[in-house]
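These protein sequences, in sequence, are chains A and B.
The opening position of the first sequence corresponds to residue 273 in the working numbering, with each subsequent residue numbered one higher.
The opening position of the second sequence corresponds to residue 76 in the working numbering, with each subsequent residue numbered one higher.
Think of the CB as a built atom: it goes at the ideal place given N, C-alpha and C, for glycine as much as any other residue.
Predicted model, so just to flag it, every value in this text is computed and none were measured.
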Amino acid sequence: MPGLSAEDLQALVLSLQVAATATAVALPFALAAAYLLARKSFPGKQLFNGLVHLPLVLPPVVTGYILLLAFGRHGPLGILFADLFGLTFIFRWTGAALAAGVMGFPLMVRAIRLAIEAVDPKLEDAAATLGAARPWVFLTVTLPLILPGILAGAVLGFARGLGEFGATITFVSNIPGQTRTLPLAIYSELQVPGGEPAALRLVIIATVFAMAALMISELVATRVARRIGGA
Amino acid sequence: MTLSVSLAHAFPGFRLDAAFEAPAGLTVLFGRSGSGKTTVVNAVAGLLRPDRGRVTVAGRALCDSATGLWLPPHRRRIGYVFQEGRLFPHMTVRQNLAYGARFAPRGATGADLGPVVELLGIGHLLTRRPGALSGGEKARVAIGRALLSRPELLLMDEPLAALDQARKEEILPYLERLRDETRVPILYVSHSVAEVARLATTLVLMHEGQVERTGPAAEVLADPASAQAIGLAEAGAVIEARVVGEEADGLSVLQTSAGRLYLPRIDAPPGACLRIRIHASDVILSRGAPQGLSALNILPGRVEAVHLGEGPGAIVRLRSGQDVILARLTRRSVVALGLAPGTECHAIVKTVAVARGDVGTA
């Protein structure tokens, strides 16, 4: 790409990798959480709902610090993941992805939950009377009907991941090639004298990619909606 | 193949306590809204777990609170046609129809796609999606979808209630064919006497959560004591008639066991067997053979029972040949004519009393 330095390209690729990983890993959990919140009643539901939404209302720096405490080298979850899967987060791109995933999680849950609530449970009852067991009902009726919502949630989560700054820099710092995503790269350029042109380039890239993601999702969503709506 | 139902369930402000047997054929659960019909059907389908109860289909128990048996809906092998259709909006008609077949147990016998599509006349809809169907088409696809899951029992919860009269006329013949051509018993919820008269082989009258009367449809309809539950304006007997032919003036001649009836042209070939419904409020009784009347249809008969209601009205049951006719009179007329069991009299039936929508093949 003309006009892009190697560092720019590195930040861009890293951002896409972080946001995509965060979205892919968080999505199944967001689906499960959304289903629980939309369809089940259980003790502590309000508390669960609050926890899910916490990253949305906390200052990102606070979320980043909590992640540092939990997933740091001596944090309980950090030790657990290192022992179980050999997976470490601190100062690595995996940590940036974790921060992006946690920050995007409530957005995904909200979008998917709305979609599930819009599905008439009577359709699921109808599928059951036709002989479909619970998992089949979900796979063949609920899931296809909430696909637009899942898509919307994924795009929101992905965009949030591309833009994540506060939690990332607090949790995994600003390391080129590991944790320096686009927003962190822009911030870094603005810290050095004469960095504005480079920052502006990165700003344009970030805008283009965010817009592209949004438009692709709109396109797919209308297509899916048309398929569901009939005709 | 019989369905046996015995249920008790308490809702806030409503108690259901119902038991009945439904033999092969089409059994109509009849009653006003709120009488518990849908609750019964939902309990049979497994969508509602009753406080107490036992449901068996052809000897197979679906639930039994005494033993704690509770089969979930997907293991009951029941086809449920919902009032609103409940077609899957993201699937084509063909995919909707095929949905249940993959879950039917290996070796399950029942209808195949081809004959069902032909029976319901939905061949031209297969590639469409439910969003592009009319109300009547949706209802037919919903019936086909339930049928193709190869059920041991079909449940229909007012499948025609949301349709206008023309659409009802469109579906009723298919329901009759379903009743006559498949061996699957049908439990059908309705609050329309016209549908009962046309479709029912067995009738279960429900009132405020209780079964008030149950038995062969013609018998229950002909019982003056049922008139209150059915609704006085709707009460009337259903009798069978054979088409004899058509007269030059356009009237069709029908033979009943009681005598001949003349009706405005009926769309059925000579020899066809029809069900005729005669509203009790459209029957006038006369002690002597009436003369100088414009009415064409006069059937002789003998009073079998006089049922006095709480108001000034009365329902008289008349045996005419093998058939039963109900007449709605005032108490005053009953006294004036001296009507009592055994009284010979004539029933004058206004020709217009036999409405087109009430005439169906038996």
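By the CB criterion at 8 angstroms, A93(B) and V286(B) fall inside the cutoff. Contact annotation: the region 100–119 of chain B does not touch the region 182–196 of chain B, with fewer than three C-beta pairs closer than 8 angstroms. Under the criterion of beta carbons closer than 8 angstroms, L412(B) and L274(B) do not qualify as touching, at roughly 35 angstroms. Rounded to the nearest whole angstrom, the C-alpha separation of T295(A) and P332(A) is 18 angstroms. A120(B) reaches chain A at T401, counting residues in chain order whose Cβ is nearer than 7 angstroms. Residue range 278–311 is occupied by the alpha helix (DSSP H) that includes E279(A). K312(A) does not reach chain B, its nearest Cβ partner there being about 17 angstroms away, counting only Cβ pairs nearer than 7 angstroms. Under the three-state reduction of DSSP output, E256(B) falls in the helix class.
At a beta-carbon threshold of 7 angstroms, the residues of chain B lying near R499(A) are H165, ordered along the chain. Here the alpha carbon of T289(B) sits roughly 15 angstroms from the alpha carbon of A312(B). Distance from the CA of V334(A) to the CA of F430(A), rounded to the nearest whole angstrom, comes to 21 angstroms. By the criterion of a C-beta distance shorter than 7 angstroms, R107(B) is surrounded in its chain by H266, once the five residues flanking it on both sides are discounted.
Distance from I353(B) to I423(B) at the Cβ level is roughly 11 angstroms; contact not present, criterion being Cβ atoms closer than 8 angstroms. At a C-beta separation below 7 angstroms, F178(B) has these neighbours in chain A: L402, G403, A404. If you draw a straight line from the Cα of F361(A) to the Cα of F353(A), it is about 9 angstroms long. In the three-state scheme derived from DSSP, where H, G and I count as helix and E and B as strand, G290(B) is classed as strand. In chain order, L402, G403 make up the part of chain A whose C-beta sits under 7 angstroms from the C-beta of G175(B). Beta bridge pairing from DSSP links H84(B) with L91(B).
For Y263(B), there are no C-beta contacts with chain A under 9 angstroms, since the nearest C-beta of that chain is about 16 angstroms from it. Uninterrupted alpha helix (DSSP H) stretches at least 4 residues long and entirely within the region 342–427 of chain A occur at 348–357, 365–390, 393–401, 406–409, given in chain order. For Y263(B), the secondary structure class from DSSP, reduced to helix, strand or coil, is strand.
If you look at G388(B), you'll find it isn't in any alpha helix (DSSP H); it sits in the beta strand (DSSP E) that goes 388–395. The Cβ atoms of T77(B) and P98(B) sit closer than 8 angstroms to each other.
With a cutoff of 8 angstroms on beta-carbon distance, T442(A) and Y337(A) are scored as near each other. E283(B) and D298(B) have their C-alpha atoms some 20 angstroms from each other. Minimum Cα-Cα distance from G143(B) among the listed residues R129(B), V156(B), H149(B), R151(B) corresponds to R129(B). When E279(A), I447(A), D392(A), V427(A) are compared, the shortest CA-CA separation from W365(A) is found for I447(A). The contact set of V413(A) on chain B, defined by CB atoms closer than 7 angstroms, consists of F163 in chain order. Of all C-beta pairs linking the region 406–418 of chain A to the region 133–142 of chain B, fewer than three are shorter than 8 angstroms, placing the two stretches out of contact.
Non-local beta-carbon contacts of L309(A) in its own chain, meaning distances under 8 angstroms to residues more than five positions away in sequence, involve K317, F320, N321, V324, V381, R385 in chain order. Interface residue (Cβ-Cβ distance to chain A less than 8 angstroms): R220(B) is classified as such. Taken through DSSP and simplified to helix, strand or coil, D139(B) comes out as strand. By the Cβ criterion, the region 254–272 of chain B is in contact with the region 233–242 of chain B, since at least three pairs of Cβ atoms, one from each stretch, lie closer than 8 angstroms.
For I197(B), the nearest beta carbon of chain A is not closer than 8 angstroms to its own beta carbon. Runs of beta strand (DSSP E) with 3 or more residues, each lying fully within the region 94–175 of chain B, are found at 101–105, 127–132, 135–139, 153–156, listed in chain order. For E396(A), the number of other beta carbons within 10 angstroms of its own is at least 16, and it is reported as buried.
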